[in-house]
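Reviewing the structure listed below.
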Amino acid sequence: MSTAAPHALADVTASDSTLRRFLHGLPGVDPVGLEARAASLGTRSIKTTAKAYAIDLAISMVDLTTLEGADTPGKVRSLGAKAVLPDPTDRTTPATAAVCVYPDMVPAAKAAVAGSTVKVASVATAFPAGRAPLTVKLADVREAVTAGADEIDMVIDRGAFLAGDYLKVHDEIVAVKEACGTTARLKVIFETGELSTYDNIRRASWLGMLAGADFIKTSTGKVAVNATPANTLLMLEAVRDFRAQTGVQVGVKPAGGIRTTKDAIKFLVLVNETVGEDWLDNHWFRFGASSLLNDLLMQRQKLATGRYSGPDYVTVD
Amino acid sequence: MAFEYAPAPESRAIVDIAPSYGLFIDGEFVESSGGDLNKTVSPATEEVLSEYAQGNAEDVDRAVRAARKAFEKWSALPGSERAKYLFRIARIIQERSRELAVLETLDNGKPIKETRDVDLPLVAAHFFYYAGWADKLAHAGFGADPKPLGVAGQVVPWNFPLLMLAWKIAPALATGNTVVLKPAETTPLSALFFADICRQAGLPKGVVNIVTGDGRTGAALVAHPDINKVAFTGSTAVGKEIAKTVAGTRKKLTLELGGKGANIVFDDAPIDQAVEGIVNGIFFNQGQVCCAGSRLLVQESIQDELLASLKRRLSTLRLGDPLDKNTDIGAINSEEQLTRITSLVERGESEGAERWSPACELPSSGYWFAPTLFTNVTQAHTIARDEIFGPVLSVLTFRTPDEAVAKANNTQYGLSAGIWTEKGSRILAVANKLRAGVVWSNTFNKFDPTSPFGGYKESGFGREGGRHGLEAYLDV
């Protein structure tokens, strides 16, 4: 069924064995070297004008997220208001990239951000476990898209991936991409913490891109290990190599566990020095984070006033 | 670039450099009997940092006599007592590491990132490591009661001034020897600061003596009749001279000389990490590393892919002010070295190799050389044979593991090599065939005090570091 792969790699997804051969033929990842590189980029010293630039850029890349069982339309409305105007005391603060909610909250989110640049993203496909029949996942996606979601964050079937059933995972992504139609962009979540090896993360990245992902995303934020500098660096290398081979550019979204401005800047340094300015834009790079935004806002206020304010000078949600 | 990093310079206020330095003999700073002074400059700016004494033969004699006198008491101390001094020195180095890192960067030109994160932690680690051995020499495998040699004359190079000092002094003191050390002509300052640390640690007078000066000072030290051991790290040419001088005497000798390390990348290598390893192998300390991976041997089938990745990566290297925390590539140590690099690179071009450098703006003052890559290099080219000691990588190709080994070993040197492959059995098979003192697998330029270091062929003989490093200072 697969036609999603770019022309240059069309043969790869022809069968289970060609896909397996391709994914296992990708260059290996040396964990020690990968982590050392990520750590060394983490020591870049970012100050003054560069810091101000990075903070605004990071704010504009945030997918402001609420993914709780206790979410209410009221909560989503206030989240939307915050996404549009993160800091009412300083109207030069950029809006965030999107608000990210469960499918049933899409209408509320859509209404909350109406008239702004803020997109509505929805974690469809039986998030976060993904343990539902494909028909259910596709229905989930269609509901969200019909309700106006601009972006769909899908989880892959990690069980199938770990069982080596790559074509199943691939075909599922293709089906979801189809369900997204022409309007919604698709982010594919690998749950890197459950894939356990870097080699698997590289294979999953290529698998996602071959199946037509617009974004590849580290994790759901619901497991112990989420986005790390190392797994994000690895995914950046994957999108860079994919574009070199096919001409198709894919976005990257680290999600979960990024809480401070310092951390966010380290990720931006990774982007800057791995894939460069082509990805330094919220169309191609996002932060999946809920608590990060407030720290960014406090750091921004500090740069503007020379003083630290405090948690009560930014809104709780 | 959209994301430009603002300058992040480390403050130099933390280091207090005196306008002039004497020699450190018998626990005191003293004038040279000749009264001659040399200048040491910052390679990044050509600013004169300080003046220091040009030690002559008479000064060397004074220092050796002080060391000889101190030897009696020092060697008679229980190992555990010597260990206390070494531990104390190690701790003071840690406490003063920021100051020493800034000093080393000013005097040597290497980035603060490297002095702060590599040099200084290793310097302290070497003193800690050999402090641990001082009372365990009976268990080192050199007999029940191995004896020190006496007075060691040590000459260290300018590429890692303080680290090479640590490699030399820590094992010498741990084993009960006393030392006279001559730092390099262009980078004497950290050794003089180390002299101050010895005083701070209360080290008995005369155990460590520092005699600064140029090659003449070193020659006088090596030729002095009352030293028992010569340890030298530096160029192969000088090493050969020293070997001639020492020949026929009873002095023990270890030499750590030049290198032309092969970094072998097989087609199943982890490419992204191999690229980092290649960069670290040749551009660490501007390539001024004797064990630099200056010959890249890449399997022909992945040549294009690897070179494309490498060039892209080189384009992100940041060259400039070594005190800036974001600088990756600093200054070349001296004008003389810059001239040597330049002439060898011109030779490479004239012999038909293809030269490439990333777009790179060089500062207007100081000694600078852009990271450089040569492709179409053959074994017959000068740049594939001679040590350049600068940020210049020669790329060669191979088709089979046997060819890789043959090319890697086809050099007059044999200090280091690297192997990049995801296949463990290949790492072991190839490493066993390489004639090099250190073989790194899936990494490069990693150092540890517990690991011996030294060369084959014209890269010298003897081992420093680890248990093996003790042997060079013991009568075994």
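Chains as they are written, first to last, in our numbering: chain A, 4 to 320; chain B, 94 to 569. All residues carry an ideal CB built from backbone N, CA and C; glycine is no exception.
Is the CB of glutamine 366(B) under 8 Å away from at least one CB in chain A? Taking the first residue of the second sequence as 1, we reach residue 366(B) at position 273. It does: the Cβ of glutamine 366(B) has a partner Cβ on chain A nearer than 8 Å.
Same chain only: Cβ atoms within 6 Å of methionine 238(A), ignoring 5 sequence neighbours per side: Your numbering for residue 238(A) matches position 235 in the first sequence. Same-chain partners within the cutoff: Ser208, Ile219 and Val255.
Any residues in the segment 95–107 of chain B with a beta carbon nearer than 7 Å to a beta carbon of chain A? Which ones, in chain order? Ala95, Phe96, Glu97, Tyr98, Ala99 and Ala101
Any contact between the segment 137–153 of chain A and the segment 111–125 of chain A? By contact I mean 3 or more CB pairs, one from each, below 8 Å. yes
Using a C-beta to C-beta distance shorter than 8 Å, which residues of chain D count as neighbours of valine 32(A)? This model lacks chain D altogether; the protein chains it does include are A and B.
Arginine 411(B) CB to nearest heavy atom of the ligand MN below 7 Å: The ligand MN is absent from the structure shown, which contains no ligand whatsoever.
Any 3 or more C-beta pairs closer than 8 Å across the segment 268–275 of chain B and the segment 301–311 of chain B: yes
Any contact between the segment 150–158 of chain B and the segment 113–126 of chain B? By contact I mean 3 or more CB pairs, one from each, below 8 Å. yes
What would DSSP say about glutamine 392(B), mapped onto helix, strand or coil? As a working mapping, residue 392(B) is identified with position 299 in the second sequence. It is a strand residue.
By the criterion of Cβ-Cβ separation under 7 Å, what are the contact partners of glutamate 515(B) in chain A? For the purposes of this step, residue 515(B) is taken as the residue at position 422 of the second sequence. Those within 7 Å of glutamate 515(B) in chain A are Gly31.
Could you tell me the alpha carbon to alpha carbon distance between asparagine 203(A) and isoleucine 512(B), rounded to whole angstroms? Residue mapping note: residue 203(A) aligns to position 200 of the first sequence, counting from 1. Residue mapping note: residue 512(B) aligns to position 419 of the second sequence, counting from 1. In a straight line, the C-alpha of asparagine 203(A) is about 24 Å away from that of isoleucine 512(B).
Among Ala385(B), Gln379(B) and Ile395(B), nearest to isoleucine 364(B) - alpha-carbon criterion: Indexing the second sequence from 1 puts residue 364(B) at position 271. Checked all of Ala385(B), Gln379(B) and Ile395(B); the closest Cα to isoleucine 364(B) is Ile395(B).
Proximal residues, the segment 523–538 of chain B versus chain A, C-beta separation under 8 Å: Asn535 and Thr536
Would arginine 47(A) count as contacting chain B if we go by Cβ distances under 8 Å? To locate residue 47(A), count along the first sequence from 1; it is residue 44. Output row for arginine 47(A): interface = yes.
I need the boundaries of the alpha helix (DSSP H) containing aspartate 19(A), first residue and last residue. Residue mapping note: residue 19(A) aligns to position 16 of the first sequence, counting from 1. That run of the alpha helix (DSSP H) goes 19–27.
Run through chain A and tell me which residues come within less than 7 Å of asparagine 419(B), C-beta to C-beta. In the second sequence, counting from the first residue as 1, residue 419(B) sits at position 326. Near asparagine 419(B) (Cβ distances below 7 Å), the residues of chain A are Arg47 and Ser48.
Below 7 Å on C-beta distance, what does glycine 370(B) contact in chain A? One-based indexing of the second sequence puts residue 370(B) at position 277. Those within 7 Å of glycine 370(B) in chain A are Gly36.
Any idea which residues DSSP pairs isoleucine 155(A) with across the strands? Within the first sequence, residue 155(A) is the residue found at index 152, counting from 1. According to DSSP, which records beta bridges pairwise, isoleucine 155(A) is partnered with Ser125(A) and Leu189(A).
Own chain, CB closer than 7 Å to glutamine 302(A), minus 5 neighbours either side, in chain order: Position 299 of the first sequence holds residue 302(A). Here the set comprises Ile58 and Thr264.
Express the C-alpha separation of cysteine 453(B) and glycine 83(A) in angstroms, rounding to a whole number. Along the first sequence, one-based indexing puts residue 83(A) at 80. Along the second sequence, one-based indexing puts residue 453(B) at 360. Rounded to whole angstroms, glycine 83(A) to cysteine 453(B) spans 45 Å at the Cα level.
How far does the alpha helix (DSSP H) with glutamate 192(B) in it extend, from its first residue to its last? Within the second sequence, residue 192(B) is the residue found at index 99, counting from 1. 190–201 is the span of the alpha helix (DSSP H), which, as asked, contains glutamate 192(B).
Are the beta-carbon atoms of lysine 54(A) and leucine 67(A) separated by less than 8 Å? The residue given as residue 54(A) occupies position 51 in the first sequence. The residue given as residue 67(A) occupies position 64 in the first sequence. Against a cut-off of 8 Å, the Cβ pair of leucine 67(A) and lysine 54(A) comes out as no contact.
Could one say the Cβ of threonine 409(B) lies closer than 8 Å to chain A's Cβ atoms, at least one of them? Counted from its first residue, the second sequence places residue 409(B) at position 316. Chain A contact via Cβ: present.
Straight-line CA distance for leucine 193(B) to phenylalanine 287(B)? Start at 1 with the first residue of the second sequence, and residue 193(B) comes out as number 100. Start at 1 with the first residue of the second sequence, and residue 287(B) comes out as number 194. Between leucine 193(B) and phenylalanine 287(B), the C-alpha separation is close to 9 Å.
Less than 8 Å between the beta carbons of threonine 326(B) and proline 239(B), yes or no? Within the second sequence, numbered from 1, the residue matching residue 326(B) stands at position 233. Within the second sequence, numbered from 1, the residue matching residue 239(B) stands at position 146. In this structure, proline 239(B) does not lie closer than 8 Å to threonine 326(B) by Cβ.
Are proline 131(A) and lysine 225(A) closer than 8 Å when you measure CB to CB? Looking up residue 131(A) in the first sequence gives position 128. Looking up residue 225(A) in the first sequence gives position 222. Yes, these two residues count as a Cβ contact at 8 Å.
I want to see whether chain B comes within less than 8 Å of alanine 53(A), judged by CB atoms only; does it? To locate residue 53(A), count along the first sequence from 1; it is residue 50. Chain B contact via Cβ: present.
Using a C-beta cutoff of 8 Å, does asparagine 285(A) count as contacting chain B? Mapped onto the first sequence, residue 285(A) falls at position 282. Cβ-Cβ to chain B under 8 Å: no for asparagine 285(A).
Can you list, in chain order, the stretches of the beta strand (DSSP E) that have 3 or more residues and sit fully within the segment 265–341 of chain B? 271–275, 301–303 and 322–326
Check aspartate 298(A) in the structure and name its three-state DSSP category. As a first step, residue 298(A) is located in the first sequence; it is residue number 295 there, counting from the start. If DSSP states are grouped into helix, strand and coil, aspartate 298(A) belongs with the helices.
Would alanine 323(A) pass as an interface residue toward chain B - the criterion being a Cβ-Cβ separation below 8 Å? Here chain A comprises residues numbered 4 to 320, so residue 323(A) is not present and cannot be evaluated.
Out of curiosity, what's the CA-to-CA distance linking phenylalanine 491(B) and leucine 389(B)? Residue numbering aside, residue 491(B) sits at position 398 when the second sequence is read from its first letter. Residue numbering aside, residue 389(B) sits at position 296 when the second sequence is read from its first letter. Those two C-alpha atoms are separated by around 10 Å.
Note down, in chain order, every chain B residue with its Cβ under 7 Å from the Cβ of alanine 86(A). Numbered from its first residue, the first sequence carries residue 86(A) at position 83. Those do not exist, as alanine 86(A) stays about 23 Å from chain B at its closest Cβ, beyond 7 Å.
Just the C-alpha distance for threonine 514(B) and glutamate 480(B), rounded to the nearest angstrom, thanks. Here residue 514(B) refers to the residue found at position 421 of the second sequence. Here residue 480(B) refers to the residue found at position 387 of the second sequence. Cα-Cα distance, rounded: 26 Å.
Can you grab the Cα-Cα spacing for the pair valine 172(A) / leucine 466(B), in whole Å? As a working note, residue 172(A) is residue 169 in the first sequence. As a working note, residue 466(B) is residue 373 in the second sequence. Rounded to the nearest angstrom, the two C-alpha atoms are 42 Å apart.
Drop a sphere of 10 angstroms on the beta-carbon of leucine 294(A), count the other beta-carbons inside from all chains shown, and report buried for 16 or more, exposed for fewer. The residue labelled residue 294(A) in the question sits at position 291 within the first sequence. At residue 294(A) the sequence reads serine, which differs from the leucine that was named. That one is exposed.
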